[in-house]
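Chemist:
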Amino acid sequence: MNFRTLLTTTAALAMMATAAHAEIKIGASLPLTGGFSIAGAKNKQGYELCVKMLNERGGINGQKVELVLSDNRSDPATAINQYERFINVDKVDAVFGTFSSKLTFPVANILAKYGYVHPIPAGGALRIYTQGHKNLFYFQPDAAEYVGRSLKGLIEDLVPEGERPKTAAVVSADDFFANAIEAGLLGQKVMNPADGSEVADLAPGYLADAGIKTVYTEKWPEEGFNDWLTLANSIKRSDAELIIALTASAEEAVQLTRALKTVKATPKMVYYSQGTQSEFYEGTKSASDGILMHTAWHPAAPFKGLLEGKEFTNADFVKAFTDEYGEAPDEDAAIPFAVCQGIEQAIEGAGSTDNAAMGKWLSERTPENPVRTILGRFAWDDKGLPLNKPFLVAQWNDGELQFVYPTGEFPEVSKMTYPKGGF
Amino acid sequence: MGEIIQIVILGLALGGVYALMGSGLSLVFGVMRIVNLAHPSLIMGGAYVAYWGFKLYGVDPLIMLPVAVVILAATAVILYKLVFEREARSAKYSEMTVLLTFALAMVVEGALGTAFTNTQRVTSPDYATDAFFIGDVFIPKGQLYAGMVSLAIIGALALFLKYSRFGYAIRATTQNREAAELLGVNVNLVGLVSFAIGIGLAGAAGSLVSFVFSFYPSKHWEWIAILMSLVVLGGMGSILGTVLASLILSVIAAFVGTYFGATWSTLTFFVALFVVLMVRPQGLFGEKPELA
Chain A
1 MNFRTLLTTT AALAMMATAA HAEIKIGASL PLTGGFSIAG AKNKQGYELC
51 VKMLNERGGI NGQKVELVLS DNRSDPATAI NQYERFINVD KVDAVFGTFS
101 SKLTFPVANI LAKYGYVHPI PAGGALRIYT QGHKNLFYFQ PDAAEYVGRS
151 LKGLIEDLVP EGERPKTAAV VSADDFFANA IEAGLLGQKV MNPADGSEVA
201 DLAPGYLADA GIKTVYTEKW PEEGFNDWLT LANSIKRSDA ELIIALTASA
251 EEAVQLTRAL KTVKATPKMV YYSQGTQSEF YEGTKSASDG ILMHTAWHPA
301 APFKGLLEGK EFTNADFVKA FTDEYGEAPD EDAAIPFAVC QGIEQAIEGA
351 GSTDNAAMGK WLSERTPENP VRTILGRFAW DDKGLPLNKP FLVAQWNDGE
401 LQFVYPTGEF PEVSKMTYPK GGF
Chain B
1 MGEIIQIVIL GLALGGVYAL MGSGLSLVFG VMRIVNLAHP SLIMGGAYVA
51 YWGFKLYGVD PLIMLPVAVV ILAATAVILY KLVFEREARS AKYSEMTVLL
101 TFALAMVVEG ALGTAFTNTQ RVTSPDYATD AFFIGDVFIP KGQLYAGMVS
151 LAIIGALALF LKYSRFGYAI RATTQNREAA ELLGVNVNLV GLVSFAIGIG
201 LAGAAGSLVS FVFSFYPSKH WEWIAILMSL VVLGGMGSIL GTVLASLILS
251 VIAAFVGTYF GATWSTLTFF VALFVVLMVR PQGLFGEKPE LA
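Each protein sequence line maps, in turn, to chains A and B.
Quick note on this note's numbering: the first sequence kicks off at 1 and runs consecutively.
Quick note on this note's numbering: the second sequence kicks off at 1 and runs consecutively.
Structural data, given as structure tokens:
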């Protein structure tokens, strides 16, 4: 065998090897440890289940999908490094977004720099979408600043005028996401942290709009806060009829709920930003009765999505997830599954993993011709926020998370318990 | 007035739990010169013992407490033999243990995460979310019981150190390791037993923490800063100092939290630490590194 033959053979073998291993690599950095670990672990389940099901059905465009997952320890700097590594070292073809506004905000700059499509499972702060990035696609109903719209609607539509709460206590973690919801409720200005310019002025705020007076506000630091009883006591002493607790994690929601029960607070209505998880119920039990929270997903919502071009409904997802993990999913697993469906449809729509083409295809979606997921239909405005998607509001009752608002959306709506009374 | 009494009660209740969490740390430093950054991660271990006892068999965390103490103390003996004993005579022992226990904390966190997942847990005996009401003022039962059990355990430890023969040996070793050894004290055994007691206290604290706070393996990073500041404030090695620092600072933090906002309450511990280090670097009780 002369040198030329050897070279040709080697090259041919190398090409065959590449063809045999042709696969789509997708990178995702998730907070599997640290403050966001509960949601991070569920995000991982959602991504992994979707990739597994895609591969069982032959992969995307006939190519197997490989998921490259890293734990960013809930740390922004680590999340940035891991996406840099996915792109420059692992040479991934596409990425899935990470969990939380806090991590998504810095990651967005990296993915924009490299021109990767950035599908976001959790990152509701409006400021993420006002940086001028054109590669963002948010897979939840709307920016966190507008969550209050659902609460206002719920109070006006479901509570008779004379019985509505008149005063509110708004307590919040000093966190990107929680601060964003608070800004909408209290009518604050949203500033761009990069240059200090005004992104939006939300005055007078959804609470004032609903005729509710805010009598108590408080913020706790993101880490190391333990004095929940003192906080709960202050909330109780404010005599607020509506308690709004904007926690950054389900864990904080558990701590605050237990403290409010201990001090025997008796509000008419309680609204949380977190707490759809089964861990929330395990930590609070009957104290969770009547607590309301917004959600992007509910097991009973009759959404119809696509997987490998075939119909894949929300009910199919619930069944597949339960079969795989032996427990029912919650929104933190459902949302990443939808992100994965979105990327699958983008790659198929673009005909390749060219991120520019994928981004173009996604941004051309319309409410009539949308991306179809288990969270329903998605089409986005030029900032990357979904068009015409209302938040769902759910309520815990007897250990079951019931879907209570908006009432016209689906047939499976439960009657809201009101007033809450004690915990 | 009712409000002020309320704030004091809430502060003391939290401080009682901090006191037990910090006292094991203080004992281990006092006797062994080990700056045990892994202490809070071992507290998490105690919390998981209580959690599984409660979850699987419905056993009250207060009843699981001795079980947690035994399991953690046994773990401590193994750790001591494996990791700490061989360098105990090194002149740079304290400095070395900082790095050593930092690594140990990560190993413990990883092991707990692998065994029990990173999901938050909390035990829910009825008293954990109940309170005694006296007029407008309430005393949270969970914190009250935890605080009382903490102080009882620390009291028993104090009596043991003050009146038992082995307690003498521990105090002697704390004051002067070489002199104690010259007088016939088996300092290696004293070291081993003190370490086991200190980590046993972490187990006890863990059982109490399990119903006072929710927890998950990486939660210990949030505790270490507060606990270290309490131990340094009290005077490294002084258990009484740690207890007083915990109670006083938790009350101050409760006032700060109520009147200046929750954001500032956590800061109280660190501001106090700065002030004490500037004015009295040995800490409140640093001159007398044994129980008064």
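Ideal Cβ placement from N, Cα and C applies to all residues, glycine included.
Computed from a predicted model, the values in this text were never measured in an experiment.
Quick one: which unbroken alpha helix (DSSP H) runs of 4-plus residues sit fully inside the stretch 143-173 of chain A? Chain order, please.
Modeler: You should have 147-158.
Chemist: Looking at chain A, which residues of the stretch 273-288 of chain B have a Cβ within less than 9 Å of any of its Cβ atoms?
Modeler: From the stretch 273-288 of chain B, no residue has a Cβ closer than 9 Å to chain A.
Chemist: For a cutoff of 8 Å on Cβ pairs, would you count V117/A as touching chain B?
Modeler: No, V117/A does not count as interfacial toward chain B.
Chemist: Would you please verify whether the beta carbon of T33/A is less than 8 Å from any beta carbon of chain B?
Modeler: Yes, T33/A lies at the interface with chain B (some Cβ there is under 8 Å from its Cβ).
Chemist: For G351/A, is the classification buried or exposed, using 16 other Cβ atoms within 10 angstroms of its Cβ as the cut-off for buried?
Modeler: Classification for G351/A: exposed.
Chemist: Contact defined as beta carbons within less than 8 Å: I believe C340/A pairs with F137/A. What is the distance between those atoms, to the nearest angstrom?
Modeler: Incorrect: roughly 12 Å between the Cβ atoms, too far for contact.
Chemist: Where does Q45/A sit, in a helix, a strand or coil, going by DSSP?
Modeler: Helix at Q45/A.
Chemist: F269/B lies in the alpha helix (DSSP H); which residues open and close that run?
Modeler: Unbroken alpha helix (DSSP H) run through F269/B: L267 to V279.
Chemist: Within its chain, find whatever has a CB closer than 8 Å to the CB of V318/A; leave out the 5 residues flanking it on each side and keep chain order.
Modeler: For V318/A, where only same-chain residues beyond five positions count, the Cβ hits under 8 Å are P299, A328 and P329.
Chemist: At a CB-CB cut-off below 7 Å, which residues of chain A make contact with D293/B?
Modeler: The structure shown does not extend to residue 293/B, since chain B is modelled only from 1 to 292, so the question has no answer here.
Chemist: Counting beta carbon pairs with one atom in the stretch 18-31 of chain B and one in the stretch 235-245 of chain B, are three or more of them shorter than 8 Å?
Modeler: Contact between the stretch 235-245 of chain B and the stretch 18-31 of chain B is present, because at least three Cβ pairs lie under 8 Å.
Chemist: So which residues on chain A does E222/B lean against when the C-beta distance must stay under 7 Å?
Modeler: Within chain A, the residues near E222/B are E223 and G224.
Chemist: What do you get for N388/A, buried or exposed, if any count of 16 or more other CB atoms within 10 angstroms of its CB means buried?
Modeler: Exposed, by the Cβ-count rule.
Chemist: Look up K310/A in the DSSP assignment and say whether it is helix, strand or coil.
Modeler: Residue state, collapsed to three classes: strand.
Chemist: Tell me whether H118/A sits in a helix, a strand or coil according to DSSP, three-state version.
Modeler: Looking at H118/A - three-state DSSP - the assignment turns out to be strand.
Chemist: What is the rounded straight-line gap between the Cα of V170/A and the Cα of Y216/B?
Modeler: Approximately 27 Å, taken between the alpha carbons.
Chemist: I need the straight-line Cα distance from P386/A to V49/B, nearest angstrom please.
Modeler: Whole-angstrom Cα-Cα distance: 46 Å.
Chemist: Ordered along the chain, which non-local residues of its own chain (more than five positions away) have a Cβ less than 6 Å from that of T266/B?
Modeler: Once the five neighbours on either side are set aside, T266/B has no close Cβ partner at all.
Chemist: Taking the alpha-carbon of D227/A as reference, which of S207/B, W221/B, A262/B and G206/B has the nearest alpha-carbon?
Modeler: Nearest C-alpha to D227/A: A262/B.
Chemist: Under a three-way DSSP split, which group does V215/A fall into?
Modeler: DSSP places V215/A in strand when its eight states are reduced to three.
Chemist: Output, in sequence order along the chain, the residues in the stretch 33-62 of chain A whose CB is closer than 9 Å to any CB in chain B.
Modeler: If the cut-off is 9 Å between Cβ atoms, the stretch 33-62 of chain A has T33, G34, G35, S37, I38, G40 and A41 near chain B.
Chemist: Taking 8 Å as the cut-off, does the stretch 222-236 of chain A touch the stretch 216-234 of chain B (at least 3 CB pairs, one atom from each stretch)?
Modeler: The answer is yes - the stretch 222-236 of chain A touches the stretch 216-234 of chain B, with three or more Cβ pairs under 8 Å.
Chemist: Anything in chain A within Cβ reach of I7/B, meaning under 9 Å, just list it in chain order.
Modeler: In chain order: T230 and N233.
Chemist: By Cβ distance below 8 Å, which residues in the same chain neighbour Y418/A in space, the five residues on each side in sequence not counted?
Modeler: So the list reads L158, V159, E163, K268, M269 and G290, once near-sequence residues are dropped.
Chemist: For a contact defined as C-beta to C-beta under 9 Å, what are the partners of G283/A on chain B?
Modeler: Here the neighbours are Q120, R121, V122, S124 and S214.
Chemist: Reducing DSSP to helix, strand and coil, say where Q140/A ends up.
Modeler: Reduced to three states, the DSSP call for Q140/A is coil.
Chemist: Ignore the nearest five residues each way along the sequence and tell me which others in L42/B's own chain have a CB closer than 7 Å to its CB.
Modeler: Cβ neighbours of L42/B beyond the five flanking positions: L72, V108, I199 and A202.
Chemist: How would you call T33/A, buried or exposed, if buried means at least 16 neighbouring beta carbons within 10 angstroms?
Modeler: Label assigned to T33/A: buried.
Chemist: Can you tell me whether A203/A is helix, strand or coil according to DSSP?
Modeler: In this structure, A203/A counts as coil in the three-state DSSP scheme.
Chemist: If you follow the beta strand (DSSP E) that I291/A is in, where does it begin and where does it stop?
Modeler: Taken as a continuous stretch (DSSP letters only), the beta strand (DSSP E) holding I291/A covers I291 to T295.
Chemist: Examine the Cβ distances between the stretch 126-133 of chain A and the stretch 272-287 of chain A and report whether three or more of them are shorter than 8 Å.
Modeler: With a cut-off of 8 Å, the stretch 272-287 of chain A and the stretch 126-133 of chain A do not count as touching, because too few Cβ pairs lie within range.
Chemist: Is it buried or exposed for E156/A, if we count other Cβ within 10 angstroms and need 16 for buried?
Modeler: Counting Cβ neighbours within 10 Å, E156/A comes out exposed, since fewer than 16 surround it.
Chemist: Going along chain B in order, which residues have a C-beta closer than 8 Å to the C-beta of A250/A?
Modeler: Here the neighbours are Q120.
Chemist: Pull the bridge partners of R372/A from the DSSP assignment, please.
Modeler: Looking at the DSSP assignment, R372/A forms a beta bridge with R377/A.
Chemist: What separation, rounded to the nearest whole angstrom, lies between the Cα atoms of P61/B and T276/A?
Modeler: Straight-line Cα distance between these residues: approximately 27 Å.
Chemist: Which residues in the same chain have their Cβ closer than 6 Å to the Cβ of A292/B, if we skip the five residues on either side of it in sequence?
Modeler: Its pLDDT being 41, under 50, A292/B is placed unreliably by the model, and the measurement read from it follows with that caveat. Around A292/B: L240.
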